[in-house]
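Student:
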Amino acid sequence: MIHTNPAGKTPANPNFEALKEFCALILRGHNEAVFHRCKAYLEKDADGYGGIPAVLYLLSGQDADPDDPFGNTADAGKQLVKPQYYFISSDAGAPCLEDFFWFIEDGIKTARGLDFVIDKERFSNDDCIIEWLAELSAQLKDLYIVAFDGAGEDYHFTILNQADCEKAMELFKRTAAHVNGYSYASRVITSDFQG
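Under numbering that gives the first Met the number 0, the first residue of the sequence shown is numbered 0, with each subsequent residue one higher.
1. Do the region 152 to 168 and the region 29 to 48 touch if we need at least three Cβ pairs shorter than 8 Å?
2. Which whole-angstrom value is the C-beta distance of L142 and L113, which I expect to be below 8 Å?
3. Taking only three categories from DSSP, how would you classify Y143?
4. For A137, which of F115, P65 and R111 has the nearest alpha-carbon?
5. Tell me the DSSP secondary structure of I87 in three-state form.
6. Is H35 helix, strand or coil by DSSP?
7. Would you report the Cα separation of N14 and Q193, rounded to the nearest angstrom?
8. On a CA-only basis, which of V145, Q83 and Q78 is nearest D62? Give me that one, please.
9. Counting only the same chain and skipping the five closest in sequence on each side, list residues whose C-beta sits under 7 Å from that of P5.
10. Within the same chain, show all residues whose beta-carbon is closer than 8 Å to that of Y181, passing over the 5 residues directly before and after it, in chain order.
11. Is it buried or exposed, P52, if we count other Cβ atoms within 10 angstroms and call 16 or more buried?
12. With a cut-off of 8 Å on the beta carbons, I'd call R173 and A17 a contact; round off their distance for me.
13. H155 bridges to which residues according to DSSP?
14. Keeping to the same chain, check which residues put their C-beta closer than 6 Å to that of T9; ignore five residues upstream and five downstream.
15. So C22 and N30 are supposed to be a Cβ contact under 8 Å. How far apart are they, rounded?
16. So which of A32, E104 and N179 has the shortest CA-CA distance to L139?
17. Can you tell which of A93, S185 and L55 has its C-alpha closest to the C-alpha of F195?
18. Report all residues from its chain with a CB closer than 6 Å to the CB of F102; omit the five preceding and five following residues, and keep chain order.
19. Buried or exposed for P68, going by 16 or more other Cβ atoms inside 10 Å?
20. Count the other CB atoms, across all protein chains shown, that sit within 10 Å of the CB of A93; report buried if there are 16 or more and exposed otherwise.
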């Protein structure tokens, strides 16, 4: 599908160099297979959103099965990225608190080699990921939770230092700049996060 902007012009091509740098930053190093799958998603624009949601799910280890005509999520053996390691994609109501801690401590913290301690007593099972992200943000020192818009209700995020956070946000903006009709954004989640 080709989108046209209000002036009737054909949109710009995806910025594959920015995509390559974005993937490498998120995964802590270049992965040729991941880059090419992400590039294919941007080229196909199969979902009408420029392929950006598919890229975010791939980076979180929740890629669609390329052999499934219905596009269901691939099993672990077909994922190019280990699920929930460098980057989290989570439904707003899906994780329980125990899973959230696992995503952060055994996933992002371990994969990225980060050093922080979570005061688990400050979290409540009665809350959801919105409150947990706000509380986690309040507890992090010199680290930032950066969230990427996936044109849906899911949360796509990771934890980075300030320089990498700023770079990731800029690369994401450049990667998604070709999409007309929807403006993708990224943001730092702070202690007053409301979802």
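Using N, Cα and C, we set each Cβ at its ideal position, and we do this for glycine too. Quick caveat: nothing in here was measured; it's all calculated off a predicted structure.
Tutor: Straight from the coordinates:
1. Contact fails: fewer than three Cβ-Cβ distances are below 8 Å.
2. About 6 Å separates the two Cβ atoms, so the contact holds.
3. Looking at Y143 - three-state DSSP - the assignment turns out to be strand.
4. Minimum Cα distance to A137 is reached at F115.
5. Reduced to three states, the DSSP call for I87 is strand.
6. The answer is helix: DSSP assigns H35 an H, G or I state.
7. N14 and Q193: Cα-Cα distance of roughly 31 Å.
8. Here the closest residue by C-alpha is Q78.
9. The pLDDT assigned to P5 is 44, lower than 50, so where the model puts this residue is not dependable, and the model offers no usable value.
10. So the list reads Y48, G49 and A150, once near-sequence residues are dropped.
11. Buried, by the Cβ-count rule.
12. Going by Cβ atoms, the distance from R173 to A17 rounds to 4 Å, so yes, they are a contact pair.
13. Note: H155 sits in a beta bridge opposite S88 and F147.
14. Unreliable placement is indicated for T9, whose pLDDT of 48 sits below 50; the coordinate value is still reported in the next sentence. Hits under 6 Å: none found.
15. Correct: roughly 7 Å between the Cβ atoms.
16. Checked all of A32, E104 and N179; the closest Cα to L139 is E104.
17. Only positions 0 to 194 of the chain appear in this structure, which leaves residue 195 out of reach.
18. So the qualifying residues of the chain are Q83 and I87.
19. The residue is exposed, with fewer than 16 neighbouring Cβ atoms inside 10 Å.
20. Exposure of A93 is indicated by the presence of fewer than 16 other C-beta atoms within 10 angstroms of its C-beta.
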